[in-house]
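To start, the structure itself, in structure tokens.
In the numbering used here, the protein residues as written are 1 to 157.
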């Protein structure tokens with residue numbers, strides 16, 4: 001028996017990488033953009049879900065939004081700070097390798113966190129300090145968790 005071929009939908013002309021809020025807890029999600037990332041990024045890097053991210057926030061541990069700045073300005077997970085994946089090494093000194101940090105981006109099909117993690121690991125950053133939230137802002141929003149604007153936290157836009 002030949003296994004079935006499983007393809008994703010073809011990309012739309014103008015894909016939307018962040019869910020659109022329709023109201024009443026409903027969202028429009030574009031499943032046509034990006035390339036689905038693996039659940040496990042690298043040996044020693046732990047993948048976490050929403051409950052672990054919430055516990056991480058409640059314990060006052062760091063979260064890094066690896067998306068480009070314009071995505072961050074449109075809304076992020078509470079207490080996250082912006083360190084775009086293409087600037088991660090320039091900000092490496094601001095990351096504490098002795099503390100577990102959650103890294104996330106636009107969701108399972110977004111390569112930003114995978115890229116940031118690869119760069120950090122290649123630079124000698126310890127994998128045990130990296131927690132990968134693969135669901136990212138996509139799953140966070142569609143599961144009904146709060147999103148904050150940087151200006152709501154007193155950060156400059």
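The beta-carbon is built from N, C-alpha and C at its ideal position, and this holds for glycine as well.
Residue i, enclosing alpha helix (DSSP H) - first and last residue
i: residue 142; result: 136–142
i: residue 118; result: 112–122
Unbroken beta strand (DSSP E) run spanning residue i, endpoints
i: residue 26; result: 26–28
i: residue 125; result: It is not in any beta strand (DSSP E) - residue 125 carries neither H nor E in the DSSP assignment.
i: residue 104; result: 101–104
i: residue 130; result: 130–133
i: residue 23; result: 20–23
Spatially closest choice to residue i from the options, by CA coordinates
i: residue 37; options: 115, 98, 25 and 55; result: 115
i: residue 66; options: 107, 6, 146 and 15; result: 107
i: residue 89; options: 140, 122 and 41; result: 122
i: residue 110; options: 100, 120 and 139; result: 139
i: residue 7; options: 32, 26, 25 and 23; result: 32
Classification of residue i by the beta-carbon crowding that lies within 10 angstroms, buried from 16 upward
i: residue 149; result: exposed
i: residue 58; result: exposed
i: residue 34; result: buried
i: residue 64; result: buried
Residue ranges of each alpha helix (DSSP H) within the stretch 34–95, 4 or longer: 50–58 and 69–73, all fully within the stretch 34–95.
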